[in-house]
Amino acid sequence: MSGETRKRGFPPVVGPDVRVLVLGSLPGDASLAAAQYYGHPRNGFWRLMGAVVERDLVALPYDQRLAALLAAGVGLWDVHAEAVRPGSLDAAIKDAADNDLLGLVNGLPSLRAVAFNGGAAAKAGARLLSGRADRLALVPLPSSSPAHAAMNLEAKREAWMRLGTWLS
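For any residue, its number in the working numbering is found by taking its place in the sequence shown, counting from 1, and adding 553.
Pasting the structure below:
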């Protein structure tokens, strides 16, 4: 694979009280450049999660966004640790190395649900967590990416609001 650069994701954002873990596939180019989860300004993630946790996350600096998620019982990570991906589309991911999702999940005693941000994350994540389906709800969600234009933000918001079930 000469000439193709491997892209590496971020460490997990978790704490002992995480009840919902949201997994993406792998950060896109804008997120990698900003060194922030969901760093593309048009990605709806922070608006969607803000609705779920009833807080304006978009208005907060990044470190405070993460702290607000953790305070609400929400953690973040990605299914893939690294992969070759020209651009930012999940369909372009190849030669992926997966994160140790089972290891992380087993270390989160309060975890109730794992949510997948988009179809690629859901497909790979469900495979990696198949042995934990008895203890955890596995929740596929429509992608927060602006590339997933088949649904508007309001329709996505309705689907994402289900996460509140496991946070209360």
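Glycine included, every Cβ here is placed at the ideal spot set by N, Cα and C.
If you're wondering where the values come from, they're calculated on a predicted model, not measured in any experiment.
Report the option in the options whose CA atom is closest to the CA atom of residue i.
i              : options                           : result
glycine 678    : Val667, Glu607 and Arg559         : Val667
arginine 559   : Leu681, Arg638, Arg665 and Arg608 : Arg638
leucine 722    : Asp687, Leu642 and Ala644         : Since the displayed the chain opens at 554 and closes at 721, residue 722 lies outside it and no answer follows.
tryptophan 713 : Val567, Gly628, Ala621 and Met602 : Met602
proline 614    : Ser578, Ala587, Pro564 and Asp631 : Ala587
valine 692     : Leu706, Asn705 and Thr718         : Thr718
Along the chain, where does the beta strand (DSSP E) containing residue i start, and where does it finish?
i             : result
aspartate 582 : Per DSSP, aspartate 582 belongs to no beta strand (DSSP E); it is in the alpha helix (DSSP H), 582-587.
valine 692    : 690-694
alanine 708   : Run containing alanine 708: none in the beta strand (DSSP E); it sits in the alpha helix (DSSP H), 706-713.
alanine 650   : 647-651
arginine 559  : 559-561
Measure the alpha-carbon distance for residue i versus residue j and round it to whole angstroms.
i              : j              : result
serine 698     : asparagine 596 : 5 Å
alanine 624    : leucine 661    : 15 Å
glutamate 557  : serine 721     : 44 Å
asparagine 659 : alanine 621    : 23 Å
alanine 702    : alanine 708    : 11 Å
glutamine 617  : proline 564    : 17 Å
Determine the extent of the alpha helix (DSSP H) in which residue i is found, giving its start and end residues.
i              : result
alanine 674    : 672-681
asparagine 659 : 654-659
glycine 717    : 717-720
Counting only beta-carbon atoms, is residue i nearer than 8 Å to chain C?
i           : result
alanine 604 : Considering every chain present, this structure includes no chain C. It has just one protein chain.
Sequence ranges, beta strand (DSSP E) only - wholly within the stretch 570-641, length at least 3: 573-577, 627-631 and 633-637
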